[in-house]
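> Just dropping this structure here.
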Amino acid sequence: MRAAVDNFSILLARRMKAAVDDDITNAFKHGVTSAYTELRGTENKVEIDTADKELVRSLQGEPHFSRSYNNYQDGLRESLQRTISIGIADGQSISQIVSEMGKSANLQTYKLVRLARTEINNIYNEGRLRGYLKGEKELKRQFKYRLIVMQDRRTCRAHLELASRIPGNGLILGDLIQLQQEIGNRHGLSLKGHSLLHPNQRTVLVRA
Ligand SMILES: [Zn+2]
503 MRAAVDNFSI LLARRMKAAV DDDITNAFKH GVTSAYTELR GTENKVEIDT ADKELVRSLQ
563 GEPHFSRSYN NYQDGLRESL QRTISIGIAD GQSISQIVSE MGKSANLQTY KLVRLARTEI
623 NNIYNEGRLR GYLKGEKELK RQFKYRLIVM QDRRTCRAHL ELASRIPGNG LILGDLIQLQ
683 QEIGNRHGLS LKGHSLLHPN QRTVLVRA
């Protein structure tokens, strides 16, 4: 029974990883297309090139993602085993135990999905930045952008500083990236891709 629960947990964690990887790819592509279309004002298809694909792969491989799959797998295994032990000790029927197992699995999955959702929003942003870069390159002109930074008690110092230093009329992309690099470095954060300072950040890239 223990081995069966182990195998089941591994299988489910693998399936979830594949599903989230697909979501990441789609969110990124959607971000690229939406920003590109915004600049170009056409529905012309934008190309997803090798550099884009590499960026997607690196985003999928982020350590905090692998940590969450491992936590998911471990949490699932433990809670299923606990559910079975308690069920047997209480003399529950097989169908009662199975129904409790389903509830445990749903709860663990919900936690993983909630985390993935925040990250996928960030990856959408990353795609938008790439889409703007592609659009500018083809139009051979630059525009100004700013970040909408969600500000509340959970906002880190780096993002507070970022919010205060972006002028109202925005910055060109190169300067915006450089500013994030400078602030990020000072706060011990590295810029992932070109717009992600850290996991779980809540910013939106928009044209000024
Ligand atoms: Zn932050």
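The opening residue of the sequence shown carries number 503 in the working numbering; numbering runs sequentially from there.
Where is the CB? At the ideal position from N, CA and C, for every residue including glycine.
These figures come from a predicted structure and were not determined experimentally.
Thinking P739 and E628 are a contact (beta carbons under 8 Å), I'd like their distance in whole angstroms, please.
Coverage of the chain is limited to positions 503 through 710, which leaves residue 739 absent and any answer about it impossible.
> Okay, do the segment 654-669 and the segment 558-565 touch, 3+ Cβ pairs below 8 Å being the bar?
no
> Any residue with its C-beta under 7 Å from a non-hydrogen atom of ligand 1 counts. Can you list them all in chain order?
T657, C658, A660, H661, L699, H700 and Q703
> Going straight from the alpha carbon of S595 to that of K605, what length do you get?
Residue mapping note: residue 595 aligns to position 93 of the sequence shown, counting from 1. Residue mapping note: residue 605 aligns to position 103 of the sequence shown, counting from 1. Computed Cα separation, rounded: 16 Å.
> Exposed or buried, what is S581 when buried is set at 16 or more other beta-carbons lying within 10 Å of its beta-carbon?
For the purposes of this step, residue 581 is taken as the residue at position 79 of the sequence shown. By the 16-neighbour rule on beta-carbons within 10 angstroms, S581 is buried.
> Tell me which residues share the same chain as N671 and place their Cβ nearer than 7 Å to its Cβ, disregarding the 5 neighbours each side in the sequence.
Walking along the sequence shown from the start, residue 671 turns up at place 169. The residues are K646 and A710.
> What span of residues does the beta strand (DSSP E) with K646 cover, start to end?
Mapped onto the sequence shown, residue 646 falls at position 144. That run of the beta strand (DSSP E) goes K646 to V651.
> What first and last residue would you give for the beta strand (DSSP E) that runs through R709?
Here residue 709 refers to the residue found at position 207 when the sequence shown is read from its first residue. Looking at the DSSP string, the run of the beta strand (DSSP E) that includes R709 is T705 to R709.
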